[in-house]
Structures are given as structure tokens and as C-alpha cells.
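Under the numbering used here, residues 14 to 552 are what the sequence shown spells out, in order.
Positions of the beta carbon are idealized from the N, C-alpha and C atoms, including for glycine.
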Amino acid sequence: MKISTAAMALALSIVAAPAWAGMDEGLAAYARKDWPAALREFQPLAQNGNAAAQARLGYMKLTGQGTAKDVAAGVSLLTQAADKGDALAQSTLASLYFKGIGVAKDQARALILFGRAADQEQPNALNNLGQMYFFGNGVAKNESKALDYLHKAADKGVAASWATLGIAYWHGRGTAKDPALAVPWLKKAAEKGIRVAQNLYGGALWSGQGINQDRMEALKWFERAAMQGDPASMLNLAQAHLNGLSVPKDAEKAYYHFLLAERLAPAKDKAKYSDLTEKARQQISSEQQQKAKEKADKWQPKAGVPVSSEVDDDLDKDKPEEKAPARRMRATGSGVMVNNIGVVLTNSHVVKSCRNIRVTQGDNGNSQAASVIARDDVNDMAVLNSTLRPADFALFRDGSPLRSGDDVVAVGFPLSSLLSREPNITAGIISAMNGLRGDKRHYQITAPIQRGNSGGPVTDMSGNVVGIVLSTLNAMKVADKSGAIPQNVNFAIKGDLVKKFLTDNKVEFNTAPPQAHELSVADVGDRVRKIAVFVECEG
14 MKISTAAMAL ALSIVAAPAW AGMDEGLAAY ARKDWPAALR EFQPLAQNGN
64 AAAQARLGYM KLTGQGTAKD VAAGVSLLTQ AADKGDALAQ STLASLYFKG
114 IGVAKDQARA LILFGRAADQ EQPNALNNLG QMYFFGNGVA KNESKALDYL
164 HKAADKGVAA SWATLGIAYW HGRGTAKDPA LAVPWLKKAA EKGIRVAQNL
214 YGGALWSGQG INQDRMEALK WFERAAMQGD PASMLNLAQA HLNGLSVPKD
264 AEKAYYHFLL AERLAPAKDK AKYSDLTEKA RQQISSEQQQ KAKEKADKWQ
314 PKAGVPVSSE VDDDLDKDKP EEKAPARRMR ATGSGVMVNN IGVVLTNSHV
364 VKSCRNIRVT QGDNGNSQAA SVIARDDVND MAVLNSTLRP ADFALFRDGS
414 PLRSGDDVVA VGFPLSSLLS REPNITAGII SAMNGLRGDK RHYQITAPIQ
464 RGNSGGPVTD MSGNVVGIVL STLNAMKVAD KSGAIPQNVN FAIKGDLVKK
514 FLTDNKVEFN TAPPQAHELS VADVGDRVRK IAVFVECEG
């Protein structure tokens, strides 16, 4: 299978650049598509040897953005930048060698350049390596290795990687077959207009695998994929109209879709599609046949469009706890059940490197597969989709704000390989309204936490969630610097930031004001342990 244009794109990713005067202005101009301004800033920098400017100017010449298209000049600039280690230049140049654009086709050299860029976490390079290994395009097929690259690219927002991960989990390629894990990836990619994802996501909705069955919604996704020329989706629409499945029976419309499906079908499927087309033809009049043919002759595919827009050294960020090899679980953390459709909130760093995630609510032992819906690495939050359908879920505090000295309770699953899987309940106070070095995103709390607490809920004395556990101060590092060992200096992400993250990612949640009479720690614990979630991660 050839790597698609979306998968092997020459997309320009704006990445951090050296602090040369004019570079920030050039990047800002490029971002707003002010090509003359971008050229004014990039050209002198490139002439003086700035690799980042050479990479971007090279890309502009390669594609004719704001300047006369000059592939040879573009390749020259990209080569200079790539030789200096610029990841964007390496990835773009690798794509040129892979396709033989402006240079002699050399897939071995492309692989080397992609590898160098991927080592610097360049998103397109990670995706392209993943696609190459997944489909065996230019390298020996290695689907398991491909998934490592694709997960990293997916975390950086590359939609083509979302689609291929969806394919992998849907069909069980390079990993265990798991429709529940496939569906979130397919949905994200489908919403970005990737037709193979639209078709498979439609199939999931049609069959009810990994998602609640909704055949009317499935047909909408088949239509979007068919619009782009997907033969399987055309065939699905044809069968639905022919048999009256979730739409009125319409043999003429079915015949129209069969004609297009046959035209678009790969050579190996032509005969099968032709037989189906003939059966549909026999059910309509000559006039209807002619009408459908004329309409099919005028049809042209349309490009898919997005359906919706979508550490500090002093911190001992709670790196997920190591697990016994026999269970294959590499790490653990905590989370909180957000709503009754199985959405779990945790820290981004808990699930960042996970290939497979499982979540268990409270101490009921009902472990379910989960997948990442959205992540915010800057603020260290993530939301997961699971098949849990809980009766108990979080209420986020609304109304009067917290103050320094207010009591709080933290719940999580620390040191789970040593301690029990029972939710661990600790009490403390808000000791400061800001975090390390005055970070206004965080509370400082005294409730004791350990490795494994990360992502767990912090609540007020009504049991309402006011934040999630972030980290504890690295006592040994601070002692080494200051000569004093700090006690119970821990941090939690503030509830307002958490609620904004959920709202921005269209995750439904519920709020409640604090009660007039505070509960005891034990009573709060009884409430919150039901919504706490144990998160297991296989790397």
C-alpha cells in the first residue's frame, strides 16, 4: 500500500528556533500567511547560516509560498539545514528522497533522514516512519514497531497517525484487536476528513462495535467517505438504499451508488462489485437506469474537510510506578470518573507513553480498556474514554472559592505494587494558593501523596472535586540545595483549570456548591473512593 498524501505530507510544523533576531517575527508572519514579511525575516537569517530559517525558506521555495517556486533552491536550503541538524529540514528532505521530488529517489537515505528527525520528536517524521513500517513501504513491514512511532506522532496531533492507529486496533494489527480502543482514534481522524477513518468509524457505528450502535449516524460518515471516493462506503450506501436499511428503499439511488462503487473499486474487487451493480439494475426501469448513469458520469470526488475544529527539576513529577513484568503493566497512576459515560480525568504524564491503558473505578475490580481522548502536556491533564458506565461520578465544586487553610482530601492509588488496590485517602489543607515559584495554576496542599497518586481527585469537605493531584516536591533535591528537608509540600492542579480543559474538549461534567455543614474525612472518603480510578499503563 502506498503512503497517502496525508500520511506523507510535507507539512510545515512551526517548532522552536534559535534566538536569532527576526526569527520570531518570521515565524509569526508565516503563521498568519504574510509571505512577504516572512521572506524579509528568513532571507538574511538563512544567508547568515541560521538552520531554522534555511529550513523554512527552503520549504517556501519548494512549494512556491510567497516566492517563485524553485525546487532546486529549496532542496539546497533544506540540505544545508538538515546537515546542521534541523529536524524540520530533515523530515521534509526525507519526504523528497522517498518520493524522488527534486532529487533522485533514495528510500534508504529517506529512512536515515526520517530517523534523525524522529529522534528529535519531529511529528511528521514520527508519522512517516510509522506509516512506512506499518504498510511495509520502503522497509520491511513491522507493525509493532510502527505503533511505537504512530503513538508518538498521534500524541503530537498528526491526524494520519490517528487513522492508522484506529486501523491497527480495529483489525488487530501489531496489537490485540480492540474496537473500544480503535473507535476514539477513528473518530478523531474521521473528523479531520480522512476517508478510511470515516469508513471504519461508520462501520463501528453501524455494527455497534466499541461504541453504541447508531445506524443513521453511520450513514452520514459513509456519505462523507463516499464523497471522497471511498468504494467501500459507496457500497455500504448502495446496500442501505437497496434494502431500506435505516433509509427508505430506493433502488435507483442504490444503482447510482453501485455504479460509483464499481468504478472506484480496486481491480481485485471489480467482478464482485459488477455483480452487485447488475442485480440492482434489474430492479429499476430503463429510464431510472439512464438517470442514475448520467448522474454517476457527472460525479467527481471532493477532498475531505474537517467536520469539527478541534518540568521543573525541583518537582518529583509522579512518574508512573513500575509493575511486575509478569503482568506486563509498566506503570500506574490515578484518575477520577468525570461522568456516567465512562470519561476519566488524569495527568498527561500518567498516560503519555502508554500503548495500552486500563482503568478500574474505585475498588470494584472491574478493569476496562481505555484510550486517550485529549491531552494537554503543558498543564499536565488528559481525558480517557472507557466502556465503564458508572453510577457514581465526580461533582466539581462551584460557588465560593477555596482559601488558604481550607481542608481538603486527596484520594488515589499510591505504590500499588506494595500497598493494596484500595483507594488511599489522605487529609490536609490548602497551604498556599499558588504552586512552585508562584505558579497560579496550582494549589500547594499538605495532604500526603506518593508515587501513583498523580491524576487522583482532590476534594473539599463536601466531596466536590477542587483539583487533581499533580506532584510532590522532590525532598532530596531540595535538601541537597537548601540543607533542609521539606515536609508535605505537594501540588494539585486547580479546579477552574481542570473545568476549562474539560469544557475545551467538550467533555460533559457536573458541578455542585459546597454544603453548609462539612463532612468528616471518613465520610468524604466514602464518597470520593467511589469516583477514584486506578489507571494502569502498558508502555
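Extent of the continuous alpha helix (DSSP H) run through residue i
{"i": "Q463", "result": "From DSSP, Q463 is part of no alpha helix (DSSP H); its letter is neither H nor E."}
{"i": "S559", "result": "An answer regarding residue 559 cannot be provided, because it is not within the stretch 14 to 552 covered by the chain."}
{"i": "T516", "result": "508-517"}
{"i": "P470", "result": "That residue, P470, is in no alpha helix (DSSP H); its beta strand (DSSP E) goes 470-472."}
{"i": "Q457", "result": "Premise fails: Q457 lies in the beta strand (DSSP E), 455-458, not in any alpha helix (DSSP H)."}
{"i": "G39", "result": "36-44"}
{"i": "A316", "result": "From DSSP, A316 is part of no alpha helix (DSSP H); its letter is neither H nor E."}
{"i": "V196", "result": "192-204"}
{"i": "V364", "result": "361-364"}
{"i": "F235", "result": "228-240"}
{"i": "T188", "result": "Taken as a continuous stretch (DSSP letters only), T188 belongs to no alpha helix (DSSP H), as it is neither H nor E."}
Spatially closest choice to residue i from the options, by CA coordinates
{"i": "D99", "options": "G87, F111, T76, A66", "result": "A66"}
{"i": "H362", "options": "R186, C550, D47", "result": "C550"}
{"i": "T92", "options": "G79, K82, L75, T80", "result": "L75"}
{"i": "G257", "options": "H164, N398, L232", "result": "L232"}
{"i": "H184", "options": "G346, E531, F147", "result": "F147"}
{"i": "A138", "options": "A153, K169, S157", "result": "K169"}
{"i": "G87", "options": "G317, G62, S413, G115", "result": "G115"}
{"i": "A239", "options": "S259, E265, G206, F406", "result": "G206"}
{"i": "L273", "options": "V478, Q252, N155, Q374", "result": "Q252"}
{"i": "P197", "options": "T400, K304, A41, N503", "result": "T400"}
{"i": "V424", "options": "T524, S467, R454, N398", "result": "S467"}
{"i": "R45", "options": "Q78, L58, A64", "result": "Q78"}
Status (buried if at least 16 other CB within 10 Å, exposed otherwise) for residue i
{"i": "T459", "result": "buried"}
{"i": "S429", "result": "Any reading at S429 must be qualified, since the residue scores a pLDDT of 49, below 50, and its modelled position is unreliable; the value itself is stated next. Buried, by the Cβ-count rule."}
{"i": "F547", "result": "buried"}
{"i": "G221", "result": "exposed"}
{"i": "G451", "result": "exposed"}
{"i": "L300", "result": "Here residue 300 is Glu; the residue named in the question, Leu, does not match the sequence. Counting Cβ neighbours within 10 Å, E300 comes out exposed, since fewer than 16 surround it."}
{"i": "S108", "result": "buried"}
{"i": "K200", "result": "buried"}
{"i": "E291", "result": "exposed"}
{"i": "G54", "result": "Before going further, note that residue 54 is Glu rather than Gly in the sequence given. When all chains shown are included, E54 counts as buried."}
{"i": "M229", "result": "exposed"}
{"i": "T516", "result": "exposed"}
{"i": "S174", "result": "buried"}
{"i": "Q457", "result": "buried"}
{"i": "E156", "result": "buried"}
{"i": "N225", "result": "exposed"}
{"i": "K266", "result": "buried"}
{"i": "Q296", "result": "exposed"}
{"i": "P261", "result": "exposed"}
{"i": "R3", "result": "Outside the displayed range of the chain (14 to 552) lies residue 3, so it cannot be described from this structure."}
{"i": "H164", "result": "buried"}
{"i": "H530", "result": "exposed"}
{"i": "P192", "result": "buried"}
{"i": "K365", "result": "buried"}
Residue i and residue j closer than 8 Å at C-beta
{"i": "P436", "j": "I462", "result": "no"}
{"i": "I370", "j": "A387", "result": "no"}
{"i": "V534", "j": "G476", "result": "no"}
{"i": "L358", "j": "I481", "result": "yes"}
{"i": "Q241", "j": "R276", "result": "no"}
{"i": "A210", "j": "A202", "result": "yes"}
{"i": "A278", "j": "Y286", "result": "yes"}
{"i": "R402", "j": "N353", "result": "yes"}
{"i": "G143", "j": "A166", "result": "yes"}
{"i": "F111", "j": "Q103", "result": "no"}
{"i": "L101", "j": "Q135", "result": "yes"}
{"i": "G346", "j": "G465", "result": "yes"}
{"i": "F271", "j": "A293", "result": "yes"}
{"i": "R410", "j": "D473", "result": "yes"}
{"i": "G348", "j": "P526", "result": "no"}
{"i": "G71", "j": "A94", "result": "yes"}
{"i": "V351", "j": "F406", "result": "yes"}
Endpoints, beta strand (DSSP E) assigned at residue i
{"i": "N398", "result": "394-399"}
{"i": "L408", "result": "408-410"}
{"i": "A404", "result": "Segment: none, A404 is in no beta strand (DSSP E) and carries neither H nor E."}
{"i": "M350", "result": "344-350"}
{"i": "Q374", "result": "369-374"}
{"i": "R542", "result": "Here R542 belongs to no beta strand (DSSP E), and DSSP marks it neither H nor E."}
{"i": "T524", "result": "523-525"}
Contact with chain B by residue i, beta-carbon distance below 8 Å
{"i": "T188", "result": "The question asks about chain B, but that chain is absent: this structure has only one protein chain."}
Cβ pair count under 8 Å reaching 3, the region 409-428 against the region 385-398: no
Should the region 441-449 be regarded as contacting the region 403-423, the criterion being three or more beta carbon pairs within less than 8 Å? yes
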